[in-house]
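J.: The structure that follows is given in the form of structure tokens.
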Amino acid sequence: MSTITTKDGTEIYYKDWGTGQPLVFHHGWPLSGDDWDAQMMFFLEKGYRVIAHDRRGHGRSSQVSGGHDMDTYAADVAALTEALDLKDAIHIGHSTGGGEAIHYAANFGKSRVAKVVLISAVTPLMVQTENNPDGVPMAIFDEIRQGTAFNRAQYFEDFTIPFYGYNREGAKISQGIRDNWWRQGMMGSVKAHHDGIKAFSETDFTEDLKSVDIPVLVLHGEDDQIVPFPISGAKAIKLLKNGKLISYPGFPHGMPATEAATINKDLLAFIQA
1 MSTITTKDGT EIYYKDWGTG QPLVFHHGWP LSGDDWDAQM MFFLEKGYRV
51 IAHDRRGHGR SSQVSGGHDM DTYAADVAAL TEALDLKDAI HIGHSTGGGE
101 AIHYAANFGK SRVAKVVLIS AVTPLMVQTE NNPDGVPMAI FDEIRQGTAF
151 NRAQYFEDFT IPFYGYNREG AKISQGIRDN WWRQGMMGSV KAHHDGIKAF
201 SETDFTEDLK SVDIPVLVLH GEDDQIVPFP ISGAKAIKLL KNGKLISYPG
251 FPHGMPATEA ATINKDLLAF IQA
């Protein structure tokens, strides 16, 4: 397996295929680089170099006890991009991975990053606070913590239904997509998944969004039941200096899988622009 070792001894697994301009894919919670299969194959065939890593504690990376916070996630990405000497790269993040991508670009990657894409991303801030009154109440994240820590197998099985919008009238349910989500989740560490909830829900990405001046594409489903569009994509676009927003009526949180043809087409247009 291809891995790098970070300063604290964590092994980060990655896939690196093809040649050409590098596209770096950042997966969501609690998944792995495998969640990008539909994008990796599409862009590989278009002549790009495609890279996807498993976040620490996720997938095939080390199941370490600590470092499950956004600063460390971004530092791990910096270690990977330096090891692979990636330049002029486009970083594409889904959900938690969107937060990771913009945090990396803002704090580590300014000399290496050409563009960023935020798909169904947790930016700028998910949790409800005094300054973010329309955010998601902490009680919701506490329920996710409880289910993840002590009933993970069944909780993850159930989580796929709203994740992909399969509870909506007329939805065409793919058991394979559901099973693949569960498979990826159960490969990772329960502790990493539990601790990572704080990272994706309580990290404030406002300054990261404000500080980058490279082109940033924001893609978000208007029927996202996991990261609601009004508190995320609709807010994030207003903080970006050089942002473009595409919102999709009826699309769910997991739209890179369920709506891959549309997402890939819009990604390609942005990358080639």
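full-length UniProt numbering applies: residue 1 is where the sequence shown begins, and numbers increase by one. Where is the CB? At the ideal position from N, CA and C, for every residue including glycine. Predicted model only: the values in this text are computed from it and were never measured.
(1) So what does DSSP say about residue 113, is it helix, strand or coil?
(2) State the DSSP-derived secondary structure class of residue 243, mapped to helix, strand or coil.
(3) Where are the alpha helix (DSSP H) runs, 4 residues long or more, that stay fully inside the region 47-123, in chain order?
(4) Quick one: give me the first and last residue of the beta strand (DSSP E) that residue 221 is part of.
(5) Smallest Cα separation from residue 107: which of 126, 209, 36, 252?
(6) Just to confirm, are residue 121 and residue 99 a CB contact at a threshold of 8 Å?
(7) Pick out whichever of 125, 96, 110 has its Cα sitting closest to the Cα of residue 119.
(8) For residue 88, count neighbouring Cβ atoms within 10 angstroms of its own Cβ and tell me buried if that reaches 16, exposed if not.
(9) Going by DSSP, name the residue or residues bridged to residue 15.
(10) Of all the options 212, 251, 170, 156, which has the alpha carbon lying nearest to the alpha carbon of residue 105?
(11) My output table needs one value for residue 180: the three-state DSSP class, helix, strand or coil.
(12) With DSSP run on the structure shown, which of helix, strand or coil describes residue 166?
(13) Is residue 198 near the ligand FMN - that is, is its Cβ less than 7 Å away from at least one heavy atom of it?
(14) Please return the same chain residues whose Cβ sits closer than 7 Å to the Cβ of residue 123, not counting the five positions on each side in sequence.
(15) Tell me the DSSP secondary structure of residue 31 in three-state form.
(16) In angstroms, rounded to a whole number, what distance separates the CA positions of residue 226 and residue 220?
(17) Could you have a look at residue 127 and say whether DSSP puts it in helix, strand or coil?
(18) Whole angstroms is fine: what's the gap from residue 111's alpha carbon to residue 56's?
T.: Once the coordinates are examined:
(1) As a working mapping, residue 113 is identified with position 113 in the sequence shown. Residue state, collapsed to three classes: strand.
(2) Taking the sequence shown and counting its residues from 1, one reaches residue 243 at position 243. Reduced to three states, the DSSP call for residue 243 is strand.
(3) 70-83, 96-107
(4) Working through the sequence shown from its first residue, we reach residue 221 at position 221. Note, residue 221: beta strand (DSSP E), 216-221.
(5) Counting from one through the sequence shown, the residue named residue 107 turns up at place 107. With distances taken between Cα atoms, residue 107 lies closest to 209.
(6) Working through the sequence shown from its first residue, we reach residue 121 at position 121. Working through the sequence shown from its first residue, we reach residue 99 at position 99. Contact: yes.
(7) Numbered from 1 along the sequence shown, position 119 holds the residue referred to as residue 119. Residue 119 has its Cα closest to that of 96, out of 125, 96, 110.
(8) Within the sequence shown, the letter at position 88 stands for residue 88. With fewer than 16 Cβ atoms within 10 Å of its Cβ, residue 88 is classed as exposed.
(9) Residue 15 sits at position 15 when you count from the first residue of the sequence shown. In the DSSP output, where bridge partners are listed per residue, residue 15 has 52.
(10) On the sequence shown, position 105 is the one that residue 105 refers to. Comparing Cα-Cα distances from residue 105 to each of 212, 251, 170, 156, the minimum goes to 212.
(11) In the sequence shown, the residue the question calls residue 180 occupies position 180. In the structure shown, residue 180 sits in a helix (DSSP, three-state: H, G or I).
(12) Taking the first residue of the sequence shown as position 1, residue 166 is located at position 166. Correct three-state label for residue 166: coil.
(13) With respect to the ligand FMN, the structure shown offers nothing to examine, as it has no ligands at all.
(14) Numbered from 1 along the sequence shown, position 123 holds the residue referred to as residue 123. Same-chain partners within the cutoff: 98, 99, 102, 205, 209, 232, 236.
(15) Position 31 of the sequence shown, counted from the start, is the residue given in the question as residue 31. Residue state, collapsed to three classes: coil.
(16) For this step, residue 226 is matched to residue 226 along the sequence shown. For this step, residue 220 is matched to residue 220 along the sequence shown. Their Cα atoms are separated by approximately 11 Å.
(17) Here residue 127 refers to the residue found at position 127 when the sequence shown is read from its first residue. Correct three-state label for residue 127: strand.
(18) Position 111 of the sequence shown, counted from the start, is the residue given in the question as residue 111. Position 56 of the sequence shown, counted from the start, is the residue given in the question as residue 56. The alpha-carbon atoms of residue 111 and residue 56 are separated by roughly 24 Å.
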